[in-house]
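Asks:
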Amino acid sequence: MKSRFRAFVPPLIALVLISIAPLLFTSLRPLLLMSMSIALCAIGLLILLRAGQVSFGHALYFAIGAYVVAFGSRAGGMDLWVLLGLALICSVAAGALLGIILVRYRGIFYGMLNLAFSMLGYTVFLRAYSYTGGSDGVSVVSPSILGFSLDAYEFGWGLYYCAVALLALVFWIVHRYLHSPMGAALGAIKTNEVRLEYLGVSAYRVMFVAHVSAAGLAGLGGGLVALSTGHVTPDLAYWSLSAEFVFVAVLGGTANVVGALIGAVSFELIRGFASIYVGNAWQLILGTVLVFVVLFAPRGLWGVVQRMLSLRAKGEKL
Amino acid sequence: MSRAIVLQSKGLHVEFGGVKAADGVDLDLHEGELASIIGPNGSGKTTFLNLCTGYVRPSKGEVIFAGKDLTRMPPRDITRLGVVRTFQLPQLFTEDTVIQNVLIALAARTGFWNLRSLDCPELRNEALEILSIFGQKEEAERYVYSLPEGVRKLVDIAVSMALSPTLLLMDEPTSGVSSSEKFEIMDILIPILRERKITALLVEHDMDLVTRYMDRVIVWNAGQVMADGAPDVVMRDERVLRDVVGVV
Numbered sequence: 000m001k002s003r004f005r006a007f008v009p010p011l012i013a014l015v016l017i018s019i020a021p022l023l024f025t026s027l028r029p030l031l032l033m034s035m036s037i038a039l040c041a042i043g044l045l046i047l048l049r050a051g052q053v054s055f056g057h058a059l060y061f062a063i064g065a066y067v068v069a070f071g072s073r074a075g076g077m078d079l080w081v082l083l084g085l086a087l088i089c090s091v092a093a094g095a096l097l098g099i100i101l102v103r104y105r106g107i108f109y110g111m112l113n114l115a116f117s118m119l120g121y122t123v124f125l126r127a128y129s130y131t132g133g134s135d136g137v138s139v140v141s142p143s144i145l146g147f148s149l150d151a152y153e154f155g156w157g158l159y160y161c162a163v164a165l166l167a168l169v170f171w172i173v174h175r176y177l178h179s180p181m182g183a184a185l186g187a188i189k190t191n192e193v194r195l196e197y198l199g200v201s202a203y204r205v206m207f208v209a210h211v212s213a214a215g216l217a218g219l220g221g222g223l224v225a226l227s228t229g230h231v232t233p234d235l236a237y238w239s240l241s242a243e244f245v246f247v248a249v250l251g252g253t254a255n256v257v258g259a260l261i262g263a264v265s266f267e268l269i270r271g272f273a274s275i276y277v278g279n280a281w282q283l284i285l286g287t288v289l290v291f292v293v294l295f296a297p298r299g300l301w302g303v304v305q306r307m308l309s310l311r312a313k314g315e316k317l
Numbered sequence: 002m003s004r005a006i007v008l009q010s011k012g013l014h015v016e017f018g019g020v021k022a023a024d025g026v027d028l029d030l031h032e033g034e035l036a037s038i039i040g041p042n043g044s045g046k047t048t049f050l051n052l053c054t055g056y057v058r059p060s061k062g063e064v065i066f067a068g069k070d071l072t073r074m075p076p077r078d079i080t081r082l083g084v085v086r087t088f089q090l091p092q093l094f095t096e097d098t099v100i101q102n103v104l105i106a107l108a109a110r111t112g113f114w115n116l117r118s119l120d121c122p123e124l125r126n127e128a129l130e131i132l133s134i135f136g137q138k139e140e141a142e143r144y145v146y147s148l149p150e151g152v153r154k155l156v157d158i159a160v161s162m163a164l165s166p167t168l169l170l171m172d173e174p175t176s177g178v179s180s181s182e183k184f185e186i187m188d189i190l191i192p193i194l195r196e197r198k199i200t201a202l203l204v205e206h207d208m209d210l211v212t213r214y215m216d217r218v219i220v221w222n223a224g225q226v227m228a229d230g231a232p233d234v235v236m237r238d239e240r241v242l243r244d245v246v247g248v249v
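Chains as they are written, first to last, in the working numbering: chain A, 0 to 317; chain B, 2 to 249.
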């Protein structure tokens, strides 16, 4: 029971910190909201990485979530939570449809086929001008939150804390998933798929659930981005954004869902400040950070936090 | 009274590059029977296990278990029916701990597609109980990659037992371990199989083990059953002594 309680401490601290941060640094609110959106996608990638798989195409589901929210908001009358629910349903449906084919493959084939489908999706969003507005995109109308119609200022804050609530829910569900037999089987996919089949478990189904879960999380992230930026373009399906999700997942570390949030906040902070002070060289800074993380902190930033906490605990014992 | 047939192979045939690994194999395994397949390398012993567990599909013939033909079923469905196998090299999840390996097997048996914690007290207690039967309770929290081969073999068998098999097919369960460890493994395994009335078919090379622990020996040669019977009878067969025991 004690260890179970302990497992909830890091997510709880992370959620408290992200809840009070914009109250102390108001200007950081958009950046933190974007971080939470990306963290949702990175949690999806974390699930796939547990199975030893990398997807360079989950931006497709991110874009689907964003477009669904955009179209839904323009249709009018739908609450923020209804829109996010629709984003989840549509991205899960798309993930399930493509997953039928994709989860037959492993390693580089899985990663690249995901990329191929995301680029197909990107082209569709770009070319279906009469529906998507092409490269001009679609604007999002701010919806009501729990039935309350809010002005732009109030909506900004309301959306932020809805995102915190959503992240808390995702933390809890994904934590349960990773500690369930299905979550444990992800590691089995990585190390010994044959044995899994000889335990009577379908490796295909394990991967299918992982793929679709990651797609759903990306869809939720996309929905949040659409609501926070108020504008959706085909660029949200571009492969480089998928690579960013992988980057964030690796940066944060895959051992804990909190790693994805740490990775996303760090990523956005580095990108934000680097683009202010080093202009167009922010990619160079991010690349350098990733090289250092891979070389010196292979378990990601969460691993660094863990090591610091265990060193401190040892110091206290001494 | 004759015991019920658990597994029945009829006219099994498969060949690889012109080499017949199974050449019209007819074989029955009976309830609670402990049988061993012996034979020279390349004679088709492992192939028979592969044919029974969906790893290889025969060109002709069928394998009947619980009224179903196993030869067209995927391995997972065969396992769910109660036909469990082990491989010559222990097949474990090396990056997980010993107990996690057993827990995944228990979850596969008792309900896999849900969000309950794998480490819940009921499953954990059952996993520890299984490990203690095999003398591996102390190793429960160790990572599999750090275990010696003999312990891995036992853990592999413990994982298989967690599935509560009706029929256990084991490919050389004692290969790669010292001769004293071989007897230790068998001394643990055989009483459990007898107590639980599990039918078992072991591919083995060690004649001492076969004669000491098995009810029945099936001698394999060039994809065919050359001799079949009680160990003391088969081991007196001149053809077996000349063509098989001499080269095993």
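C-beta: ideal position from N, C-alpha, C; glycine also.
Using the rule of at least 16 other Cβ atoms within 10 Å of the residue's Cβ for burial, across every protein chain shown, is A:R126 buried or exposed?
Replies: Sequence index remark: in the first sequence, residue 126 of chain A carries index 127 (1-based). Classification for A:R126: exposed.
Asks: Should A:P10 and A:W171 be called a contact, given that it needs their Cβ atoms to be closer than 9 Å?
Replies: Position 11 of the first sequence, counted from the start, is the residue given in the question as residue 10 of chain A. Position 172 of the first sequence, counted from the start, is the residue given in the question as residue 171 of chain A. Result yes, Cβ atoms of A:P10 and A:W171 sit closer than 9 Å.
Asks: Could you tell me which whole beta strand (DSSP E) segments of length 3 or greater appear in the segment 26-58 of chain A?
Replies: Runs found: none.
Asks: Find the nearest neighbour of B:I38 within the set B:F49, B:H31 and B:E32, judged by alpha-carbon distance.
Replies: Residue mapping note: residue 38 of chain B aligns to position 37 of the second sequence, counting from 1. Of B:F49, B:H31 and B:E32, the residue nearest in Cα terms is B:F49.
Asks: For B:E140, which residues in the same chain have their Cβ closer than 8 Å to its Cβ, ignoring the five residues on either side in sequence?
Replies: Here residue 140 of chain B refers to the residue found at position 139 of the second sequence. Correct list, in chain order: V99, L132, L148, V152 and V156.
Asks: Answer yes or no: does any C-beta atom of chain B fall closer than 9 Å to that of A:R175?
Replies: As a first step, residue 175 of chain A is located in the first sequence; it is residue number 176 there, counting from the start. Judged by the 9 Å Cβ criterion, A:R175 is in contact with chain B.
Asks: Near A:K316, what residues of its chain come up, given a Cβ to Cβ distance below 7 Å and the 5 sequence neighbours on each side ignored?
Replies: Position 317 of the first sequence, counted from the start, is the residue given in the question as residue 316 of chain A. Residue confidence for A:K316 is low, a pLDDT of 48 falling below 50, so the modelled location carries little weight and cannot support an answer.
Asks: List, in order along the chain, the chain B residues whose C-beta lies closer than 8 Å to that of A:V169?
Replies: Position 170 of the first sequence, counted from the first residue, corresponds to residue 169 of chain A. Within 8 Å Cβ-Cβ: nothing; A:V169 doesn't reach chain B, min ~14 Å.
Asks: Among A:D78, A:G94 and A:Y197, which residue has its Cα nearest to the Cα of A:S54?
Replies: Indexing the first sequence from 1 puts residue 54 of chain A at position 55. Closest option to A:S54, Cα to Cα, is A:G94.
Asks: Report the neighbours of A:L27 on chain B: residues whose CB is nearer than 9 Å to its CB, in chain order.
Replies: Position 28 of the first sequence holds residue 27 of chain A. Chain B residues near A:L27: none, gap ~34 Å exceeds 9 Å.
Asks: Do A:F61 and A:V292 come within 9 Å of each other at the CB atom, strictly closer than that value?
Replies: For the purposes of this step, residue 292 of chain A is identified with residue 293 of the first sequence, where counting begins at 1. For the purposes of this step, residue 61 of chain A is identified with residue 62 of the first sequence, where counting begins at 1. Result no, Cβ atoms of A:V292 and A:F61 do not sit closer than 9 Å.
Asks: Within 9 Å (strictly less), CB to CB, does B:F113 reach chain A?
Replies: Residue mapping note: residue 113 of chain B aligns to position 112 of the second sequence, counting from 1. By this cut-off, B:F113 is an interface position.
Asks: Could you please give me the residues that DSSP links to B:G230 through a beta bridge?
Replies: Indexing the second sequence from 1 puts residue 230 of chain B at position 229. Partner(s): B:V218.
Asks: With 16 other CB atoms within 10 Å as the buried threshold, where does B:A109 fall?
Replies: Taking the second sequence and counting its residues from 1, one reaches residue 109 of chain B at position 108. Classification of B:A109: buried, given that the 10 Å Cβ count is 16 or more.
Asks: Please classify B:L8 as buried or exposed, where buried requires at least 16 neighbouring CB atoms within 10 angstroms.
Replies: On the second sequence, position 7 is the one that residue 8 of chain B refers to. Looking at its Cβ environment, which holds 16 or more other Cβ atoms inside 10 Å, B:L8 is buried.
Asks: Cβ closer than 8 Å: which chain B residues qualify as neighbours of A:N191?
Replies: Your numbering for residue 191 of chain A matches position 192 in the first sequence. Here the neighbours are Q92, L93, F94 and T95.
Asks: So what does DSSP say about B:I105, is it helix, strand or coil?
Replies: Against the second sequence, residue 105 of chain B aligns to sequence position 104. Helix, per DSSP.
Asks: Can you list, in chain order, the residues of the segment 192-211 of chain A whose Cβ is nearer than 7 Å to any Cβ on chain B?
Replies: So the list reads V193, R194, E196, Y197, L198, G199, V200 and S201, given in the order they occur along the chain.
Asks: Measure from the C-beta of B:M2 to each C-beta in chain A and report whether the shortest distance is under 9 Å.
Replies: Locating residue 2 of chain B in the second sequence gives position 1, counting from the first residue. In this prediction, B:M2 has a pLDDT of 49, which is less than 50 and means its spatial position is unreliable; what the coordinates show is noted afterwards. So, not an interface residue.
Asks: Is B:T212 closer than 9 Å to B:D229 when the C-beta atoms are compared?
Replies: Sequence index remark: in the second sequence, residue 229 of chain B carries index 228 (1-based). Sequence index remark: in the second sequence, residue 212 of chain B carries index 211 (1-based). Not closer than 9 Å, so no.
Asks: For A:E192, which of helix, strand or coil comes out of DSSP?
Replies: On the first sequence, residue 192 of chain A is found 193 positions in, with the first residue counted as 1. Three-state result, A:E192: helix.
Asks: Would you say A:S90 reaches chain B, if we count a Cβ-Cβ gap shorter than 9 Å as a contact?
Replies: On the first sequence, position 91 is the one that residue 90 of chain A refers to. Taking Cβ atoms only, chain B never reaches closer than 9 Å to A:S90, which makes this a no.
Asks: Is B:G55 helix, strand or coil by DSSP?
Replies: Indexing the second sequence from 1 puts residue 55 of chain B at position 54. In this structure, B:G55 counts as coil in the three-state DSSP scheme.
Asks: Interface residues of chain B around A:P180 at Cβ under 7 Å?
Replies: Counting from one through the first sequence, the residue named residue 180 of chain A turns up at place 181. Within chain B, the residues near A:P180 are I105, A108, F113 and L119.
Asks: If we count the other Cβ atoms within 10 Å of its Cβ and call it buried at 16 or more, is B:R197 buried or exposed?
Replies: Looking up residue 197 of chain B in the second sequence gives position 196. The residue is exposed, with fewer than 16 neighbouring Cβ atoms inside 10 Å.
Asks: So, helix, strand or coil for B:E142, using DSSP?
Replies: Here residue 142 of chain B refers to the residue found at position 141 of the second sequence. DSSP places B:E142 in coil when its eight states are reduced to three.
Asks: Round the Cβ separation of B:D24 and B:Q225 to the nearest angstrom and send it over; I've been treating them as touching at under 8 Å.
Replies: Translated into positions along the second sequence, residue 24 of chain B becomes position 23. Translated into positions along the second sequence, residue 225 of chain B becomes position 224. So it is a contact: roughly 5 Å between Cβ atoms.
Asks: Taking A:Q282 as part of the beta strand (DSSP E), name the residues at either end of that continuous run.
Replies: Counted from its first residue, the first sequence places residue 282 of chain A at position 283. Where A:Q282 is concerned, there is no enclosing beta strand (DSSP E), although the alpha helix (DSSP H) it sits in stretches over W281 to F295.
Asks: Any C-beta of chain B sitting closer than 9 Å to the C-beta of A:I172?
Replies: Translated into positions along the first sequence, residue 172 of chain A becomes position 173. Chain B, which has a Cβ nearer than 9 Å to the Cβ of A:I172, makes this yes.
Asks: Is A:Q305 helix, strand or coil by DSSP?
Replies: Position 306 of the first sequence holds residue 305 of chain A. Of the three classes helix, strand and coil, the one that applies to A:Q305 here is helix, per DSSP.
Asks: I want to verify the contact list: residues of chain A whose CB lies under 8 Å from the CB of B:Q89, in sequence order.
Replies: Position 88 of the second sequence, counting from 1, holds the residue named residue 89 of chain B. Those within 8 Å of B:Q89 in chain A number zero; the least Cβ separation is about 13 Å.
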